[in-house]
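Below: one structure, written as C-alpha cells.
Number of protein chains: 2
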Amino acid sequence: MPTARELVEQNKDRYLGWLTEACSIQSLDGQPDELAKMAKWVEDKLSGLGAAMSRLTYESAPDAILGVLGSGDRSVLIYDHYDVQPVDPIELWKSSPFTPEIRDDKLYARGCADNKGDLVARLAGLEVYKELYGEPPVTVKFLVEGEEETGSESFERITTQYREELAADGCIWEGMGIDHVGRPELVFGAKGLAYVELYYRGLAEDQHSSIAVIAPSPVWHMIEALSTLRSPGGEVLIDGFYDAVVGATEDDMKLLEELPFEAEAERERMGIESFVGDATDLELVRRYYFEPTCNIAGIVSGFTVPGASKTVLPKEILVKIDMRLVPNQDPDDIVAKLRKHLDSRGFSDIGINRFSNEHPVRSPSDSLIARAALAACSDVFEEKPAVSPMMIGTGPMYPVASTLGIPTVSPAGICRPDSNIHAPNENCRIDDFLHIIEYTVAWLKRFGELEE
Amino acid sequence: MPTARELVEQNKDRYLGWLTEACSIQSLDGQPDELAKMAKWVEDKLSGLGAAMSRLTYESAPDAILGVLGSGDRSVLIYDHYDVQPVDPIELWKSSPFTPEIRDDKLYARGCADNKGDLVARLAGLEVYKELYGEPPVTVKFLVEGEEETGSESFERITTQYREELAADGCIWEGMGIDHVGRPELVFGAKGLAYVELYYRGLAEDQHSSIAVIAPSPVWHMIEALSTLRSPGGEVLIDGFYDAVVGATEDDMKLLEELPFEAEAERERMGIESFVGDATDLELVRRYYFEPTCNIAGIVSGFTVPGASKTVLPKEILVKIDMRLVPNQDPDDIVAKLRKHLDSRGFSDIGINRFSNEHPVRSPSDSLIARAALAACSDVFEEKPAVSPMMIGTGPMYPVASTLGIPTVSPAGICRPDSNIHAPNENCRIDDFLHIIEYTVAWLKRFGELEE
Numbered sequence: 028m029p030t031a032r033e034l035v036e037q038n039k040d041r042y043l044g045w046l047t048e049a050c051s052i053q054s055l056d057g058q059p060d061e062l063a064k065m066a067k068w069v070e071d072k073l074s075g076l077g078a079a080m081s082r083l084t085y086e087s088a089p090d091a092i093l094g095v096l097g098s099g100d101r102s103v104l105i106y107d108h109y110d111v112q113p114v115d116p117i118e119l120w121k122s123s124p125f126t127p128e129i130r131d132d133k134l135y136a137r138g139c140a141d142n143k144g145d146l147v148a149r150l151a152g153l154e155v156y157k158e159l160y161g162e163p164p165v166t167v168k169f170l171v172e173g174e175e176e177t178g179s180e181s182f183e184r185i186t187t188q189y190r191e192e193l194a195a196d197g198c199i200w201e202g203m204g205i206d207h208v209g210r211p212e213l214v215f216g217a218k219g220l221a222y223v224e225l226y227y228r229g230l231a232e233d234q235h236s237s238i239a240v241i242a243p244s245p246v247w248h249m250i251e252a253l254s255t256l257r258s259p260g261g262e263v264l265i266d267g268f269y270d271a272v273v274g275a276t277e278d279d280m281k282l283l284e285e286l287p288f289e290a291e292a293e294r295e296r297m298g299i300e301s302f303v304g305d306a307t308d309l310e311l312v313r314r315y316y317f318e319p320t321c322n323i324a325g326i327v328s329g330f331t332v333p334g335a336s337k338t339v340l341p342k343e344i345l346v347k348i349d350m351r352l353v354p355n356q357d358p359d360d361i362v363a364k365l366r367k368h369l370d371s372r373g374f375s376d377i378g379i380n381r382f383s384n385e386h387p388v389r390s391p392s393d394s395l396i397a398r399a400a401l402a403a404c405s406d407v408f409e410e411k412p413a414v415s416p417m418m419i420g421t422g423p424m425y426p427v428a429s430t431l432g433i434p435t436v437s438p439a440g441i442c443r444p445d446s447n448i449h450a451p452n453e454n455c456r457i458d459d460f461l462h463i464i465e466y467t468v469a470w471l472k473r474f475g476e477l478e479e
Numbered sequence: 028m029p030t031a032r033e034l035v036e037q038n039k040d041r042y043l044g045w046l047t048e049a050c051s052i053q054s055l056d057g058q059p060d061e062l063a064k065m066a067k068w069v070e071d072k073l074s075g076l077g078a079a080m081s082r083l084t085y086e087s088a089p090d091a092i093l094g095v096l097g098s099g100d101r102s103v104l105i106y107d108h109y110d111v112q113p114v115d116p117i118e119l120w121k122s123s124p125f126t127p128e129i130r131d132d133k134l135y136a137r138g139c140a141d142n143k144g145d146l147v148a149r150l151a152g153l154e155v156y157k158e159l160y161g162e163p164p165v166t167v168k169f170l171v172e173g174e175e176e177t178g179s180e181s182f183e184r185i186t187t188q189y190r191e192e193l194a195a196d197g198c199i200w201e202g203m204g205i206d207h208v209g210r211p212e213l214v215f216g217a218k219g220l221a222y223v224e225l226y227y228r229g230l231a232e233d234q235h236s237s238i239a240v241i242a243p244s245p246v247w248h249m250i251e252a253l254s255t256l257r258s259p260g261g262e263v264l265i266d267g268f269y270d271a272v273v274g275a276t277e278d279d280m281k282l283l284e285e286l287p288f289e290a291e292a293e294r295e296r297m298g299i300e301s302f303v304g305d306a307t308d309l310e311l312v313r314r315y316y317f318e319p320t321c322n323i324a325g326i327v328s329g330f331t332v333p334g335a336s337k338t339v340l341p342k343e344i345l346v347k348i349d350m351r352l353v354p355n356q357d358p359d360d361i362v363a364k365l366r367k368h369l370d371s372r373g374f375s376d377i378g379i380n381r382f383s384n385e386h387p388v389r390s391p392s393d394s395l396i397a398r399a400a401l402a403a404c405s406d407v408f409e410e411k412p413a414v415s416p417m418m419i420g421t422g423p424m425y426p427v428a429s430t431l432g433i434p435t436v437s438p439a440g441i442c443r444p445d446s447n448i449h450a451p452n453e454n455c456r457i458d459d460f461l462h463i464i465e466y467t468v469a470w471l472k473r474f475g476e477l478e479e
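Order-wise, the sequence lines are chains A and B. If you use this note's numbering, the first sequence corresponds to residues 28 to 479, in order. If you use this note's numbering, the second sequence corresponds to residues 28 to 479, in order.
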C-alpha cells in the first residue's frame with residue numbers, strides 16, 4: 028500500500044487540475060452567475076466523493092453547500108468558503124487573477140490561498156483517504172459558504188436555522204497557515220471586530236479658513252472627541268470597554284511562553300523603535316493575543332494634497348475606527364458604550380455608522396478535534412507546530428464554536444505570510460498544497476482513532 | 028463739463044472692452060508666456076496713459092510692472108496683481124473661464140473680481156481723471172505684480188530692492204470690496220499667515236489592523252500631538268503663541284462698535300448653533316478681527332472611502348494647519364514655537380513643512396491716503412462705508428505698509444461676497460466695475476486736495 032504522501036504525489040497533476048479549475052471561476056461578490064458556478068463546482072466534487080448533498084439557503088445570500096459523507100457516531104464539520112476577495116488594483120497583478128499560472132513552484136491566482144487552496148486540498152484529502160483506507164472513519168460534514176469575504180452576514184442565521192444538520196463533535200475551520208519558517212499554525216479562536224465610521228458635519232459648507240476665528244471647526248471637534256478614546260500607552264479609554272474582558276489564564280500564559288514570537292524581526296519588519304506601551308517579551312505576546320484595540324483605520328477632511336496649501340475650514344470629517352475585541356467583549360455592547368462615552372462628553376453630534384460586527388470566540392485547545400489536528404502535524408510537517416490561543420484577525424467562527432458549541436480548530440493551512448491574500452499576486456506554494464492534502468488525511472485518521 | 032459718472036457711462040463699452048481683453052489672457056502660474064502677455068498688456072495700457080515704465084525684476088519671478096505718471100511732491104503707490112487663480116474644477120464653470128461672458132449684468136471670467144476688475148477700473152479711472160481734470164494732481168506709482176496668487180514670494184525682496192522707486196506718501200492696495208448690502212469696505216491692514224504641513228510616518232508599510240495591538244499607530248500619535256495645540260474654546264495652546272499679540276486698543280474697540288456685523292445672518296449662513304468660545308456681540312467682533320487662529324485645513328490617513336470598511340493600520344498621516352496671525356506675531360517665530368512645543372512633548376518625530384508665510388500688518392486709519400479713500404466713498408456710493416481695522420484674510424501688504432512704512436488702505440473694490448473668487452464662475456457686477464472707475468477718480472482728486 029502506498030503512503031498518503033506517495034499517493035498525493037502520484038495524483039499531483041489531478042489535484043492541481045482541480046485547484047486550477049476552482050481558481051478560474053470568478054466567484055466574486057456581485058457576480059451571482061460565477062458564485063453559482065463555483066457553488067456547483069463544489070457540489071459536483073463533493074457529490075463525486077459520494078457525499079449526500081444539500082443547500083443551506085437564507086434569503087438572497089449565496090447558497091451554502093453541505094456535503095455529508097462517511098459514517099459513525101463521531102462527526103466533524105469542515106468549514107471553508109468558495110467566494111474570493113476583489114482583485115483591485117488589477118494593474119499590479121503580474122498574471123491575470125483568474126488565469127492561474129505557475130511560476131517558481133508557486134501558483135498565482137485570486138483565491139488560491141484564501142481559501143480555495145484549503146478547500147480543494149481537503150476535497151482531495153477525502154479522495155486520498157478513501158483510496159487508502161476506504162470510507163471516512165467518522166461522519167464528515169463539509170460546509171462551504173459563499174459570503175465570507177463580505178462579512179458572512181447570513182452565516183449566523185444559517186447555522187441557527189440548520190443547527191441539527193451541522194451538529195458535530197468538532198470543527199475544522201478554514202486553514203490557519205504555515206509561518207515564515209515552515210511551522211504549521213493552529214489556533215482555537217479569533218478576535219472579534221466592531222468597525223465604525225465616526226462622522227461629523229458642523230458647517231453648511233466649507234468656509235475660507237479666515238472664518239475659523241469665529242466658526243467652530245468640525246475637525247477640531249472630532250480631534251477632541253478622538254483624544255478621549257485612547258491613552259498614548261494604548262489603553263482604550265471608552266467607558267467600560269474592558270468590563271467583559273476575560274484575559275489570559277495561567278494555562279494561556281504557559282501556552283504563550285512556548286509560542287515562537289520573533290519580536291525583534293517583527294520590530295524591524297515594521298520599522299518601529301518599540302511596541303505599544305513599550306511591551307517586551309511575554310507581556311508583548313500576551314498583549315498580541317489578549318488585548319483588544321481601538322485603531323483609526325482612516326481619517327479624512329478638507330484639503331489633503333501633499334506639498335500644497337489651500338486655506339479652508341472644512342465642513343465635515345470622517346473617521347474609520349476598527350476595534351478588535353477579545354472574549355467576552357460583545358461588538359453590540361462595545362458600540363453602545365462608544366455611543367454613550369461620546370454622548371456623556373458633549374459629542375452627541377458625532378454620528379456612528381456600523382460595518383463589520385464579529386464576536387470574539389475561543390474554543391478549548393484540548394478537545395478531541397484539537398488533539399487530532401495537533402497530533403496530525405507531526406505526521407506531515409517537519410517543524411513543530413506553532414499553537415496560539417486565538418488568531419489576532421477575525422473570522423465568522425463564533426456561530427459554530429460558540430452558538431452551536433462545537434469545539435473548533437483552525438489548523439495548518441495553505442497560507443504563508445507572503446501569500447498576498449486580499450492583495451495582488453495572491454499565491455500558494457505547490458508543496459504546501461500537497462502537504463495540506465496529506466494533512467487532511469492525517470487529521471481525519473487521527474480523529475477517527477483518538478480515544479475520548 | 029460732464030461728471031465723472033457721465034464720462035464713465037459714455038465710455039462704458041471701451042472700458043468693458045479693456046476688462047474683456049485682460050480677462051481673456053490666461054495669466055496663470057506655470058504659463059510664463061501668458062503671464063508675459065498680461066504684463067505687456069498692463070505695460071501698454073499704462074504707457075498709453077503717459078506713464079514712464081519700468082520693470083522690477085527679481086530672479087525668475089514674473090516681472091512686476093511699474094508705471095509712473097502725474098507729478099507733484101505728494102505721491103501715491105497703487106498695488107494690484109496681474110496673475111489669477113487656477114480654474115479647477117473646470118467642469119463646474121458655466122462658461123469658459125478665459126472667454127468672458129456677460130449674463131444678468133455680471134461679467135463671468137477667471138480674475139474679473141480678483142484682481143483684474145480693480146486693476147482695469149483703476150487704469151480706466153486714470154484716463155477718466157485725465158479727460159476731466161488733466162494730469163493727476165499727485166505722482167502716481169502704479170505697481171502691478173505677477174506672483175500674488177502663489178504667495179508673492181519675491182515681493183518683499185522686490186520692495187526692498189526698489190525701495191526708492193516705490194517710496195510714496197500713501198498706498199492704495201488691491202481693492203477690498205463691497206459688502207452684501209452695498210457698503211464699500213475699507214481696511215487698513217491684514218492678518219498674517221503661517222501655513223504648515225505636519226507629517227508623520229511611523230511604520231515602514233501599512234499593516235493589517237490586527238497588528239495595531241502591538242504596533243504604535245502613527246495616526247494616534249498625531250491625534251495626541253494635535254490635541255495639545257488648541258483648547259475646545261478656541262484658545263491656541265502652542266507655548267508662547269500669544270506673546271507678541273498687541274490686541275485691540277480702546278480706539279479699535281470704538282471702531283468695532285460702529286462696524287456693521289450681522290452675527291445672526293452669519294450664524295445661519297454657516298449653519299452653526301454658536302460661535303467659537305460662545306462669543307456674542309462686541310466680543311465676537313473683537314475676536315473676528317483681533318484673534319489669531321490655529322485651523323486644521325486638512326487631514327488624511329489610511330482608508331477614507333465613505334460607507335465602506337477596510338481594516339488597516341496606516342503607516343503615515345498628513346495634517347494641514349493654517350494659522351492666521353495678528354500684529355505683532357511673526358510667522359517664523361510662530362513656526363519655531365510650534366516646533367519647540369512639539370519637541371518638548373515627545374513629538375520631535377513629527378515633521379513640519381512650511382508653505383505660505385505672511386506677516387500680519389496694520390496701518391493707521393487716519394493717514395492722508397486713508398482719509399482720502401474714506402471721503403471719496405461718499406462721492407460715489409450711496410451706502411455708508413464699512414470700515415474695519417484689518418482684513419481677516421491675508422495679503423502681501425506687510426512689505427509696503429511695514430517694511431517701506433507707507434500708510435496703506437485697501438479701499439472699496441469690485442469684490443462682492445458672491446463674486447466666487449478662487450472658485451468656479453468668478454464674476455463681477457458691471458455696475459460695480461463702473462463705480463470703481465468713478466471711485467478711482469474720486470480718491471485721486473481727494474488725495475490731491477487734502478490738507479495735511
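Glycine residues also receive a C-beta, built at the ideal position from the N, C-alpha and C atoms.
Phe182(A) carries a helical assignment under DSSP once its states are collapsed to helix, strand and coil. For Glu251(A), the enclosing alpha helix (DSSP H) begins and ends at 245-253.
For Leu225(A), the enclosing beta strand (DSSP E) starts and ends at 219-228.
In the three-state reduction of the DSSP assignment, Arg398(A) falls in the helix class. A contact between stretches requires three or more CB pairs, one per stretch, nearer than 8 Å, and the region 51-65 of chain A meets this requirement with the region 110-127 of chain A. Per DSSP, Ser102(A) is not a residue of any alpha helix (DSSP H); the beta strand (DSSP E) it occupies stretches across 102-108. Under the three-state reduction of DSSP, Tyr135(A) is assigned to strand. Rounded to whole angstroms, the gap between the alpha carbons of Arg257(A) and Leu365(A) is 12 Å. Here Glu36(B) is exposed: its Cβ has fewer than 16 other Cβ atoms, across all protein chains shown, within 10 Å. Taking CB atoms only, Asp349(B) has a neighbour in chain A less than 7 Å away. When only Cα atoms are considered, Val103(B) and Glu158(B) end up about 20 Å apart. The straight-line gap separating the alpha-carbon atoms of Ile117(B) and Ser415(A) is approximately 56 Å.
In this structure Pro124(B) is in contact with Ala136(B), their Cβ atoms being roughly 6 Å apart against a cut-off of 8 Å. Between Val303(A) and Val362(B), the alpha-carbon positions lie close to 30 Å from each other.
Taking a 10 Å sphere around the C-beta of His386(B), we find 16 or more other C-beta atoms and assign the residue as buried. Comparing alpha carbon positions, the residue from Leu76(A), Ser405(A), Arg82(A) closest to Tyr189(A) is Arg82(A). According to DSSP, Cys455(B) shares a beta bridge with Leu134(B).
Counting the other CB atoms within 10 Å of its CB gives Ser98(B) a total below 16, which places it among the exposed residues.
By the rule that beta-carbons nearer than 7 Å mark a contact, Met424(A) does not touch chain B. The C-beta of Leu230(A) comes closer than 7 Å to at least one C-beta of chain B.
By the CB criterion at 7 Å, Gly152(B) and Val468(B) fall inside the cutoff.
DSSP places Ser87(A) in the coil class of the three-state scheme, outside both helix and strand. Taking all protein chains in view, the Cβ of Gly197(A) is crowded by 16 or more other Cβ atoms within 10 Å, so the residue is classified as buried.
Judged by beta-carbon spacing, Gly219(A) lies beyond the 7 Å limit of Pro127(A), meaning their Cβ atoms are not closer than that value. If you compare the alpha carbons of Pro444(A), Asn452(A), Glu478(A) with that of Val208(A), the shortest gap goes to Pro444(A).
The region 285-296 of chain A and the region 256-271 of chain A do not touch, with fewer than three beta-carbon pairs separated by less than 8 Å. Taking 8 Å as the cut-off between beta carbons, the residues of the region 293-313 of chain B near chain A are Glu293, Arg296, Met297, Gly298, Ile299, Ser301, Phe302, Val303, Ala306, Leu311, in sequence order. Each of Leu283(A), Met418(A), Asn38(A) was checked against the Cα of Leu311(A), and the nearest Cα belongs to Leu283(A). Taking a Cβ-Cβ cut-off of 8 Å, Leu352(A) has no neighbours in chain B, whose nearest Cβ is about 11 Å from it. Between the C-alpha atoms of Glu70(A) and Asp349(A) there is a straight-line separation of about 36 Å. Collapsing the DSSP output to three states places Arg443(A) in coil. In the DSSP assignment, Met350(B) falls within the unbroken beta strand (DSSP E) covering 343-352. Boundaries of the alpha helix (DSSP H) harbouring Ile361(A): 358-370, taken from the DSSP string. Assigned with DSSP and collapsed to three states, Met424(A) falls in coil, not helix or strand. Under the Cβ criterion of 7 Å, Glu251(B) is counted among the residues facing chain A. The distance from the Cβ of Gly325(A) to that of Ser51(B) is about 44 Å, inconsistent with a contact at the 8 Å cut-off.
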